[in-house]
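Taking it in order: structure first as structure tokens, then the write-up.
Numbering (my numbering), first residue to last: 43 to 466.
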């Protein structure tokens with residue numbers, strides 16, 4: 043028997059780790075659909091969730107699952123042959139979004155294809171769907187970086203790290219100019235963890251992190267005022283910090299210029315304030331009898347179906363629901379570590395490590411963002427948040443990891459990325 047090109051026997055022969063990843067990721071997406079169904083039932087004055095979103099997300103999930111099965115059936119080694127062309131294609135799409143999105147808004151046709159939404163140009167709108175190149179670059183970047191490190195060992199020297207860092211800075215700069223700070227924050231953790239797994243020296247990576255920390259104040263003061271305000275939002279939650287800044291205008295001007303601190307919560311801090319209120323009001327079990335105030339639309343939380351869907355999960359399903367979601371991510375992360383530990387082919391191992399880093403970093407940033415532990419940067423919750431590009435991206439990455447686990451080519455010689463000690 044065969045289903046969608048997959049034999050039932052082949053499915054049953056998947057390792058427990060692959061099954062755990064697939065089931066956990068699908069469960070997360072189903073939780074997202076349940077949340078959207080509750081949001082669609084909202085009748086409150088601030089309810090903005092259109093019922094059509096639920097149907098579209100269900101369609102996105104169906105397409106993403108088919109894509110995952112298709113990718114997992116193909117040997118990742120065959121896909122790896124296209125790593126550099128795919129990376130070049132996504133870079134070209136980022137260039138197109140940047141050029142036509144920002145410079146071509148006067149032309150009606152260009153404006154329709156490259157829309158500018160909330161001041162950002164991130165999308166390419168096609169007749170039946172739209173794509174977000176900054177999401178697709180996550181796949182091509184992981185593939186290209188893994189392929190690059192597979193055939194080189196010069197990154198064991200400090201100067202040898204210049205090439206992979208330059209390799210990473212190109213998409214980072216293009217994405218930052220959209221602007222999309224959230225996606226930019228994801229690429230460096232992927233780079234560092236992949237380099238570490240490939241055998242780069244820890245002291246070199248620590249030295250680079252130290253240099254980045256020392257340079258961060260310079261980058262901060264080069265940011266736009268609204269970007270500074272977002273980053274400072276973590277500190278501005280505290281009334282004591284706001285009072286201190288009010289008493290020291292020069293410090294305030296440096297940290298958060300243009301922010302009105304006396305009415306920070308109902309204005310600039312509105313989204314974060316209501317996100318924490320939504321999570322806190324869920325208690326232990328949430329609202330099992332029906333939609334809660336933030337789900338029904340009695341109170342408004344912007345982007346409740348997207349960046350702040352974790353707040354709605356905590357609100358509607360309480361601490362238990364939040365813990366379930368965190369546990370599902372834990373299953374995915376631990377299973378990816380297990381696969382990376384048993385795969386001896388270097389390219390495949392680095393694909394799994396890159397996927398592990400991407401999912402762990404993005405999920406952690408999103409959840410920390412919703413409870414005020416990190417700045418609001420527009421990072422979605424993998425497998426759960428609304429959006430076809432994000433859902434497709436992560437299920438393709440899961441498909442690649444299943445392909446790595448399923449293929450496991452025999453490699454003659456020493457285990458990958460084991461190097462003799464040297465002083466370089």
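All C-beta atoms, glycine included, are put in the ideal place defined by N, C-alpha and C. Please read all numbers here as calculations on a predicted model, not as lab measurements.
Could you check what DSSP says for residue i in three-state terms: helix, strand or coil?
{"i": "residue 323", "result": "helix"}
{"i": "residue 106", "result": "helix"}
{"i": "residue 358", "result": "helix"}
{"i": "residue 418", "result": "coil"}
{"i": "residue 116", "result": "coil"}
{"i": "residue 338", "result": "helix"}
{"i": "residue 448", "result": "helix"}
{"i": "residue 162", "result": "strand"}
{"i": "residue 76", "result": "helix"}
{"i": "residue 99", "result": "helix"}
{"i": "residue 469", "result": "No answer is possible for residue 469: the residues shown for the chain start at 43 and end at 466."}
{"i": "residue 413", "result": "coil"}
{"i": "residue 55", "result": "coil"}
{"i": "residue 180", "result": "helix"}
{"i": "residue 243", "result": "coil"}
Compute the beta-carbon to beta-carbon distance between residue i and residue j, rounded to the nearest angstrom, for a pair I have assumed lies under 8 Å.
{"i": "residue 346", "j": "residue 355", "result": "The Cβ separation is near 10 Å, so there is no contact."}
{"i": "residue 396", "j": "residue 184", "result": "4 Å"}
{"i": "residue 232", "j": "residue 400", "result": "5 Å"}
{"i": "residue 241", "j": "residue 198", "result": "6 Å"}
{"i": "residue 118", "j": "residue 449", "result": "6 Å"}
{"i": "residue 425", "j": "residue 70", "result": "4 Å"}
{"i": "residue 244", "j": "residue 230", "result": "The pair is not a contact, with the Cβ atoms about 16 Å apart (cut-off 8 Å)."}
{"i": "residue 361", "j": "residue 326", "result": "5 Å"}
{"i": "residue 313", "j": "residue 159", "result": "With 8 Å as the limit, residue 313 and residue 159 do not qualify as a contact, their Cβ atoms being about 17 Å apart."}
{"i": "residue 323", "j": "residue 334", "result": "7 Å"}
{"i": "residue 484", "j": "residue 182", "result": "Lying before the first or after the last residue shown, residue 484 is absent from the chain, which here runs from 43 to 466."}
{"i": "residue 441", "j": "residue 109", "result": "7 Å"}
{"i": "residue 303", "j": "residue 269", "result": "Their Cβ separation, rounded to whole angstroms, is 17 Å, which puts residue 303 and residue 269 out of contact at 8 Å."}
{"i": "residue 359", "j": "residue 317", "result": "Contact flag wrong, Cβ pair sits at about 15 Å."}
{"i": "residue 122", "j": "residue 389", "result": "6 Å"}
{"i": "residue 266", "j": "residue 298", "result": "With 8 Å as the limit, residue 266 and residue 298 do not qualify as a contact, their Cβ atoms being about 12 Å apart."}
{"i": "residue 228", "j": "residue 403", "result": "5 Å"}
Go through its chain and collect everything with a Cβ distance to residue i's Cβ below 6 Å, but skip five positions before and after it.
{"i": "residue 277", "result": "283"}
{"i": "residue 60", "result": "444 and 447"}
{"i": "residue 125", "result": "185, 186 and 189"}
{"i": "residue 431", "result": "173, 174 and 177"}
{"i": "residue 394", "result": "378, 381, 382, 443 and 446"}
{"i": "residue 45", "result": "Note that residue 45 has pLDDT 45, beneath the 50 cutoff, so the model's placement of it is unreliable and the number below is only indicative. Correct list: empty, nothing qualifies."}
{"i": "residue 264", "result": "none"}
{"i": "residue 320", "result": "336, 343, 353 and 357"}
{"i": "residue 73", "result": "none"}
{"i": "residue 62", "result": "373 and 377"}
{"i": "residue 225", "result": "176 and 217"}
{"i": "residue 288", "result": "303"}
{"i": "residue 56", "result": "none"}
Can a CB atom of chain C be found closer than 7 Å to the CB of residue i?
{"i": "residue 320", "result": "Among the chains of the structure shown, chain C does not appear; only one protein chain is present."}
Can you list, in chain order, the residues of its chain with a C-beta nearer than 8 Å to that of residue i? Leave out the 5 residues immediately preceding and following it.
{"i": "residue 348", "result": "422, 427, 428 and 429"}
{"i": "residue 75", "result": "96, 99, 100 and 103"}
{"i": "residue 47", "result": "For residue 47, the predicted model reports a pLDDT of 48, less than 50, meaning its position is unreliable; a value from the coordinates is still stated below. Only 111, 112 and 115 meet the Cβ criterion."}
{"i": "residue 5", "result": "Outside the shown range of the chain, which is 43 to 466, sits residue 5, and nothing can be said about it."}
{"i": "residue 206", "result": "187, 190, 191, 197, 233 and 237"}
{"i": "residue 385", "result": "391, 394, 446, 447 and 450"}
{"i": "residue 249", "result": "200"}
Sorted by chain position, which residues of the same chain lie with C-beta nearer than 7 Å to residue i's C-beta, five sequence neighbours on each side aside?
{"i": "residue 363", "result": "328, 355 and 356"}
{"i": "residue 179", "result": "132, 136 and 213"}
{"i": "residue 307", "result": "315"}
{"i": "residue 414", "result": "276, 279, 314 and 318"}
{"i": "residue 247", "result": "234, 237 and 238"}
{"i": "residue 77", "result": "351, 354, 355 and 358"}
{"i": "residue 202", "result": "196"}
Indicate, with yes or no, if the ligand FMN has a heavy atom lying under 6 Å from the CB of residue i.
{"i": "residue 272", "result": "The ligand FMN is not among the ligands present in this structure, which contains no ligands whatsoever."}
**Message:** Tell me whether the region 89-106 and the region 173-189 touch, counting them as touching only if at least three CB pairs, one residue from each stretch, are closer than 8 Å.
**Reply:** no
**Request:** Quick one: which unbroken alpha helix (DSSP H) runs of 4-plus residues sit fully inside the region 257-317? Chain order, please.
**Result:** Counting only runs of 4 or more, we get 267-278, 281-289 and 291-297.
**Request:** Would you be able to state if there are at least three C-beta pairs under 8 Å between the region 162-170 and the region 369-382?
**Result:** no
**Segment contact flag, the region 125-139 with the region 203-219, C-beta cutoff 8 Å, min 3 pairs** = yes
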